[in-house]
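Peer 1: Line by line, the protein sequences give chains A and B. Under this note's numbering, the letters of the first sequence match residues 324 to 407, in that order. Under this note's numbering, the letters of the second sequence match residues 49 to 449, in that order. Even for Gly, the Cβ is constructed at its ideal location relative to N, Cα and C. Since the structure is predicted, the reported quantities are computational estimates derived from the model, not experimental observations.
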Amino acid sequence: MAEFTLDDLIAVLKEAAGADEGVDLDDILDVPFTDLGYDSLALFNTVNTIERDRGIALPDETVVEATTPRLLLDAVNRGLAKAA
Amino acid sequence: MTEVVVTGVGVVAPNGWGVEEYWAATLAGRSGLGPLTRFDSSGYRAHVAGEVNFTPEDHLPGRLLPQTDHMTRLALVAAAEALADAGADPAVMPDFSAGVVTAASAGGFEFGQKELRALWSKGPAYVSAYQAFAWFYPVNTGQISIRHGMRGPGSALVAEQAGGLDALAKARRHVREGTALMLAGAVDGSLCPWSWLCLTRSGTVSPRRDPRRAFLPFDADASGGVPGEGGALLVLEAPERAAERGQHRHYGRIAGYAATFDPRPGSGRPPGLRRAIDTALADAGLGPSDIDVVFADASGVAEQDRAEAEVLSAVFGPRGVPVTAPKTMTGRLLAGGAPLDVAAALLALRDAVIPPSVHIAQPAHRDLDLVRDRPRPARLTSALVLARGHGGFNSALVLTR
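1. One question on the structure: do GLY300(B) and GLY135(B) come within less than 8 angstroms of each other, judged by their Cβ atoms?
2. Consider the Cβ of ARG199(B): report whether some Cβ of chain A lies at a distance smaller than 8 angstroms.
3. Just to confirm the assignment, what range does the alpha helix (DSSP H) spanning PRO241(B) have?
4. Pop quiz: ALA173(B) and ARG375(A) are said to be a contact at Cβ under 8 angstroms. What is the actual Cβ separation, rounded to whole angstroms?
5. Let me know the beta strand (DSSP E) ranges lying completely inside the region 279-359 of chain B, each 3 residues or longer, listed in chain order.
6. Given that ARG375(A) touches chain B, what residues does it touch there, using C-beta distances under 8 angstroms?
7. Candidates THR120(B), ARG111(B), ALA286(B) and PRO336(B): which alpha carbon is nearest GLU225(B)'s?
8. Give the residues from the region 331-346 of chain A that approach chain B closer than 9 angstroms (Cβ to any Cβ), ordered along the chain.
9. Are any of the Cβ atoms in chain A nearer than 8 angstroms to that of PRO114(B)?
10. Give the single residue among LEU124(B), HIS413(B) and ARG427(B) whose Cα lies nearest to the Cα of ARG398(B).
11. Given a threshold of 16 other Cβ atoms within 10 Å of its Cβ, counted over all protein chains shown, does GLN410(B) qualify as buried or as exposed?
12. List the residues of chain A that TYR305(B) touches, going by C-beta distances under 8 angstroms, in chain order.
13. Below 8 angstroms on C-beta distance, what does PHE367(A) contact in chain B?
14. Which residues bound the alpha helix (DSSP H) around ASN368(A)?
15. Express the C-alpha separation of ILE302(B) and GLY333(B) in angstroms, rounding to a whole number.
16. Let me know the secondary structure DSSP gives PRO172(B) once reduced to three states.
17. Closer than 8 angstroms, Cβ to any Cβ of chain A: which residues of the region 107-131 of chain B, in chain order?
18. Taking only the alpha-carbon atoms, compute the straight-line gap between ALA180(B) and LEU364(A) and give it to the nearest angstrom.
19. From this set, ARG401(A), ASP358(A) and GLU344(A), which residue's C-alpha is nearest THR328(A)'s C-alpha?
20. If you measure from the beta carbon of LEU403(A) to each beta carbon in chain B, is any gap under 8 angstroms?
21. Rounded to a whole number of angstroms, what is the C-alpha to C-alpha distance between THR327(B) and VAL342(B)?
22. Here's the rule: buried if 16 or more other CB atoms are within 10 angstroms of the residue's CB, otherwise exposed. What is MET230(B)?
23. Between the Cα of VAL223(B) and those of ASN442(B), VAL148(B), GLY368(B) and HIS196(B), spot the shortest distance and give me the residue it belongs to.
24. Would you report the Cα separation of MET377(B) and ASP397(A), rounded to the nearest angstrom?
25. Near VAL53(B), what residues of its chain come up, given a Cβ to Cβ distance below 8 angstroms and the 5 sequence neighbours on each side ignored?
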């Protein structure tokens, strides 16, 4: 399956949790989600949407452990590789 | 006892966006009632509503949109207007010094309907995690509190259409106990199929299709109420605390309040509205002759209108006080209706004018001095606002200049 990219993540974030106009979502790979305005419920919704759309199941800890976009992308792509 | 004044008002109503637009429309007799447009009402018993349509992206941060019901978005808009009107920014006040009390009737009903539809039509993976709180009765209190950093007393009251006055009274108590600033009132409403079904099954909603003939409280041709959405949120403070932060202007005082509950049906005892009025007047230290205008509950159900008209006549004497129902231009806004009447009453005190009731062509109660069609200039120093909620709730609030 195609790699899950930062652009994909940004699209899901906007759909599942919204985006504030004041936050620039470029160049955010290592910015903690909390600094981007996303709390645990926002991440829960985001991870849930990715799992649903990609047909994968990620470990429950993903929501708390993937604290930056890079960590979440890694977790998702590991999940995709495992499902392939 | 500590005096409590209203230093800021925020309004969203079917006939006006923001305080001044609502007030101008209300004085001009412009109604916001129209055919229900949110969904096809043809399979339902009612067809007219007071809608507030707007583009949320233009008024709220994007992060809030996936997690909010329509009525919560409206509440956030009204809260921001009220705080700006009061010149207050709770985020820079000491922590825990500002709080929120809102009233609700059903929470974010439409949000819940949307998620249930997703659950049954697509499956559990399509249900938003925000369902956890977006449907919930206290959600407006929580969202307002978070957005504005108001970590003082926070609560929500549910008393159907009477709860908005109870929220203001509870906020008054918090101010008396030392909280510097309270935001209180209600913005409510739910115009989705599921809630429409519930509302219309109550038997109190007008089945008429003509927006000018659907909601006719105190009229011989009354056929029920019309549901709407919107309401008002108010900033309450002790005047000396408001002055400390440079705010010297206020709209008026919350001078008296009482809430009662009706006896069980068949008991033979009278409903509790009279007791609510008497007790609220006593709380304000006023007599009936001190009240210059009454904002009626005005249910539009003939039997309830008669009960209210008889109580008003008994307390104030036949045609003893001007009575009005500007909600004829908005519909009944569930918990939001009474705080909107409070906003209208404060603006009436400010501008020395009683806003009219509209569309009422055949007054059914000769003892009622109903202000109809045109605003009535009057020297006003005090107003009484009444609200009743389905199931037996009665609340009365006295405002003075």
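Peer 2: In this structure, then:
1. no
2. no
3. 241-249
4. Confirmed, Cβ separation roughly 4 angstroms.
5. DSSP assignment within the region 279-359 of chain B yields the following whole beta strand (DSSP E) runs of 3 residues or more, N-terminal first: 300-309.
6. Chain-ordered, the chain B residues with CB closer than 8 angstroms to the CB of ARG375(A) read ALA173 and TYR174.
7. Ranking THR120(B), ARG111(B), ALA286(B) and PRO336(B) by Cα distance to GLU225(B) puts ALA286(B) first.
8. Listed by position, the residues of the region 331-346 of chain A near chain B (Cβ gap below 9 angstroms) are LYS337, GLU338, ALA339, ALA340, GLY341, ALA342, ASP343, GLU344, GLY345 and VAL346.
9. yes
10. Comparing Cα positions, the closest option is ARG427(B).
11. exposed
12. Under the 8 angstroms cutoff, chain A gives no residues; its nearest Cβ is about 37 angstroms from TYR305(B).
13. For the C-beta of PHE367(A), the chain B residues within less than 8 angstroms are, from N- to C-terminus, ALA177.
14. 363-377
15. C-alpha separation (whole angstroms): 12 angstroms.
16. helix
17. PRO109, GLY110, ARG111, LEU112, LEU113, PRO114 and GLN115
18. If you take the alpha carbons of ALA180(B) and LEU364(A), they lie about 9 angstroms apart.
19. ARG401(A)
20. no
21. 15 angstroms
22. Looking at its Cβ environment, which holds 16 or more other Cβ atoms inside 10 Å, MET230(B) is buried.
23. VAL148(B)
24. 56 angstroms
25. LEU284, GLU285, ALA286, PRO287, ALA290, HIS298, TYR299, GLY300, ARG301 and ILE302
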